[in-house]
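Asker: If you scroll down you'll find the structure; I have some questions about it.
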Amino acid sequence: MKVLVIGGGGREHCLVYKIKNSSYVDKVFCASGNGGTALLAENVDIQPQDIEGIAKFALREGIDLTVVGPEAPLVEGIVDEFTKRGLKIFGPTKDVAILEGSKVFAKQFMRKYGIPTAEFEIFDDSGKAFSYIERCDFPCVVKADGLAGGKGAIICHNLSQAREAIERIMVKKEFGAAGEKVVVEDFLEGEEASLLAFLDTDTFLPLVTSQDHKPVFDNDQGPNTGGMGAYAPAPLIGDLLFSKIEDKILSPLVKGLKKENKVYKGIIYLGLMIANGEPYVLEFNVRFGDPETQAILPKLKSDLVEVILANIEGRLKNINLVWDQRFCICVVLASGGYPGKYEKGKVINGLESLEKQEDILVFHAGTKKVFDSQTGNTFFVTNGGRVLNIVGLDSDFRKAQEKVYSAIKKVYFEGMHYRRDIGNKGLKFLS
Ligand code: AMP
Ligand code: GLY
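First residue of the sequence shown? That's 22 in the working numbering, and the numbers climb one at a time after it.
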């Protein structure tokens, strides 16, 4: 098979790595890819938003299966477009990708089908939103309805912060049309975790649990990022909590979609808050998480392409996922200044020393492969905010953490920074 992966981050390098290892696959392409995918796949210079361009490429190249990484093309309807043209693609169609594309839709769906989530109100009029926050309790969370690159949820500790959030979203339109409506919801105190599952009309197949680290600095300080690290499984979620997530969230989700006559085929990502031993949905994503995927898929022993094909063809019920039982920890190395302004083009040193290191994997994110015509050598330079994902595996959580952090010591680029506490949250649940 020829498989095309869409996207260019750490998640996509990890997807390419798993797909390349599939017994079904002869060749992998990645649009537009990064320095790491260039080592395993043929990078294609087409951006993920260019649905028409990607579809034309897939037809021309005779692509047998396309796997979509980021949310934007899914929300824009890439799966519908590909299906119309007879191309096989993995991901949800536009009518259900709205679970991520509209927080208003997702919250109303959860209310309708009794899925636990923070209490909320919806506003399409800034005046009404301003007057509502005069009487709401703090902290509260103000969220732009549409896609806002992970920046559209603003935690407000007092009235003036809430006013500013509504001003930014609805009046100044900082997130454009995504801010035409807002959700104002109760703040939930607890610990966050993620659960990804393959989803089909009658069934769901969960992957292992994981935990992302969104704030840029240790101990969850500083502004939010795309994710500075993750580990899997998340010891926070024991068997009891896992069954609650299946019974209170995944089952009603499948039933609700069926009741609405909607067919969802693909990954559903539950962004969860665990509060007082109960799971609540903070958000749905309709795709693999980044960086969760880099901590989850290295543990998957099953052939990913076989599972994806089973999901597309309605055979998910027959699939049993087989897992490496070790803990997997992923730490993100970021450019100086990220998540604010940063420079690109810094030479990355030391990656070759990790190539053969046992239990260590490297997934590139914002990197570019450069050919030096004078020496005939290739090397990598930084090309984005999140640059590299260093991943370590061990059956002992603490050892996995030690392995990954000692591997990081061998890598360097100017301005590089990373969190030094990825895994600490998990440790407290392991005695
Ligand atoms: P979202 O885009 O809805 O997942 O929100 C982004 C981040 O904001 C989450 O990962 C949480 O850290 C935080 N957040 C969102 N909603 C809530 C809530 N109701 N209570 C507490 N924190 C929240
Ligand atoms: N790790 C957060 C996300 O993928 O949205």
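The C-beta atom is built at its ideal place from N, Cα and C for all residues, glycine as well.
1) Nearest by alpha-carbon distance to lysine 283: which of Arg32, Val117, His34, Asp101 is it?
2) Just to confirm the assignment, what range does the beta strand (DSSP E) spanning leucine 303 have?
3) Distance check for aspartate 71 and methionine 22, CA to CA, integer angstroms please.
4) What residue does the beta strand (DSSP E) around lysine 48 start on, and which one ends it?
5) Taking contact to mean at least 3 C-beta pairs separated by less than 8 Å, is the segment 400-420 in contact with the segment 342-360?
6) Is the beta carbon of glycine 361 less than 7 Å from the beta carbon of alanine 386?
7) Just list the alpha helix (DSSP H) runs in the segment 169-228, keeping only unbroken ones of 4 residues or longer that don't cross its boundaries, in chain order.
8) Is the separation between the beta-carbon of phenylalanine 305 and that of alanine 139 shorter than 7 Å?
9) Between glutamate 304 and the ligand AMP, is the CB less than 6 Å from at least one heavy atom?
10) Within the same chain, show all residues whose beta-carbon is closer than 8 Å to that of isoleucine 136, passing over the 5 residues directly before and after it, in chain order.
11) Using DSSP's beta-bridge definition, name the partner residues of lysine 390.
12) Using a threshold of 6 Å, is the CB atom of valine 162 nearer than that to any non-hydrogen atom of the ligand AMP?
13) CB of glycine 310 to nearest heavy atom of the ligand AMP: below 6 Å?
14) Of all the options Gln395, Arg407, Ser394, Lys390, which has the alpha carbon lying nearest to the alpha carbon of phenylalanine 401?
15) Using DSSP's beta-bridge definition, name the partner residues of histidine 385.
16) Express the C-alpha separation of valine 432 and glycine 197 in angstroms, rounding to a whole number.
17) Roughly how many angstroms separate the alpha carbons of leucine 60 and aspartate 66, rounded to a whole number?
18) Please report how far the alpha carbon of proline 312 lies from the alpha carbon of isoleucine 258, in whole angstroms.
19) Say yes only if the C-beta of glycine 248 is nearer than 6 Å to one or more non-hydrogen atoms of the ligand GLY, and no if none qualify.
20) Kindly examine the ligand GLY and report whether one of its heavy atoms sits closer than 6 Å to the Cβ of aspartate 47.
21) Between the segment 37-44 and the segment 316-331, do three or more beta carbon pairs fall short of 8 Å?
22) Using a 10 Å radius around the Cβ and a threshold of 16 neighbouring Cβ atoms, would you call threonine 396 buried or exposed?
23) Which value, in whole angstroms, describes the spacing of the CA atoms of glycine 74 and arginine 440?
24) With the cut-off set at 7 Å, would you say alanine 428 and isoleucine 381 are in Cβ contact?
25) Are aspartate 442 and aspartate 239 touching if we call contact CB-CB under 7 Å?
26) Reducing DSSP to helix, strand and coil, say where serine 43 ends up.
27) Return the first residue and the last residue of the alpha helix (DSSP H) that alanine 428 is part of.
28) Roughly how many angstroms lie between the CA atoms of phenylalanine 111 and isoleucine 333, to the nearest whole one?
29) Please work out which residues of its chain come closer than 7 Å, Cβ to Cβ, to methionine 191, disregarding the five sequence neighbours upstream and downstream, and give them in chain order.
30) In or out: glycine 104 buried (at least 16 other Cβ within 10 Å) or exposed?
31) Please report how far the alpha carbon of tyrosine 153 lies from the alpha carbon of glycine 170, in whole angstroms.
32) Between the C-alpha atoms of threonine 230 and lysine 320, what's the straight-line distance to the nearest angstrom?
33) Using C-beta distances below 6 Å, list every residue in its chain close to aspartate 223, excluding the 5 sequence neighbours before and after it, in chain order.
34) At a cut-off of 6 Å, is glycine 148 close to the ligand AMP when judged by its beta-carbon and the heavy atoms of the ligand?
35) Grouping DSSP H, G and I as helix and E and B as strand, with all else coil, what is glycine 243?
Answerer: For this structure:
1) Val117
2) It spans 299-306 - the beta strand (DSSP E) in which leucine 303 sits, taken as one unbroken run.
3) 23 Å
4) 48-53
5) yes
6) With contacts defined by Cβ atoms closer than 7 Å, glycine 361 and alanine 386 do not form a contacting pair.
7) Runs of the alpha helix (DSSP H) inside the segment 169-228: 180-187.
8) no
9) yes
10) Phe130, Lys269, Ile270, Pro273, Leu274, Gly277, Val302
11) Partner(s): Phe401.
12) yes
13) No.
14) Across the set Gln395, Arg407, Ser394, Lys390, the C-alpha of Lys390 shows the shortest separation from the C-alpha of phenylalanine 401.
15) Leu409
16) 39 Å
17) 15 Å
18) 18 Å
19) yes
20) no
21) Touching, yes, given that three or more Cβ pairs across the two stretches are closer than 8 Å.
22) exposed
23) 38 Å
24) yes
25) yes
26) coil
27) 418-429
28) The C-alpha of isoleucine 333 is placed about 7 Å away from the C-alpha of phenylalanine 111.
29) Ser147, Ala150, Gly200, Val203
30) The sequence as given places threonine at residue 104; glycine does not occur at that position. Its Cβ having fewer than 16 others within 10 Å, threonine 104 is exposed.
31) 26 Å
32) 11 Å
33) If we look at aspartate 223 and ignore the five residues flanking it on each side, it has no Cβ neighbours.
34) no
35) strand
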